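In what follows, a single structure is set out as structure tokens and then discussed.
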Amino acid sequence: MIQTVLIRCPETGAAVSTVHRMRETEFEALTGERAFRCPRCREVHTWKKEDAWQEKTPAVA
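According to this note's numbering, the stretch in the sequence shown is residues 15 to 75, in order.
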């Protein structure tokens with residue numbers, strides 16, 4: 015299942031989407047840093063896998 019990758023905005027403390035979507039196996043294999051413009055505070059944040067988690071979507075019955 016493809017899921018959105020989230021981090022906590024260092025400015026607001028809110029959970030925000032990094033706009034990256036990937037399968038769990040791809041997420042687990044990530045290395046290095048990535049950057050994105052935060053939709054909450056409009057600043058550019060960098061993140062690593064250790065800073066992030068995947069959004070858990072409820073299973074469809």
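Yeah, the Cβ is synthetic: ideal placement off N, Cα and C, and Gly gets one too.
Computed from a prediction, not measured in an experiment: that's the story for all the values here.
Here T60 carries a strand assignment [DSSP, helix/strand/coil].
Under the DSSP assignment, T18 falls in the beta strand (DSSP E) whose first and last residues are 16-22. The three-state secondary structure of T39, taken from DSSP, is helix.
Rounded to whole angstroms, the gap between the alpha carbons of Q68 and L20 is 6 Å. Measuring C-alpha to C-alpha distances from E47 to each of R37, T39, T32 identifies T32 as the nearest.
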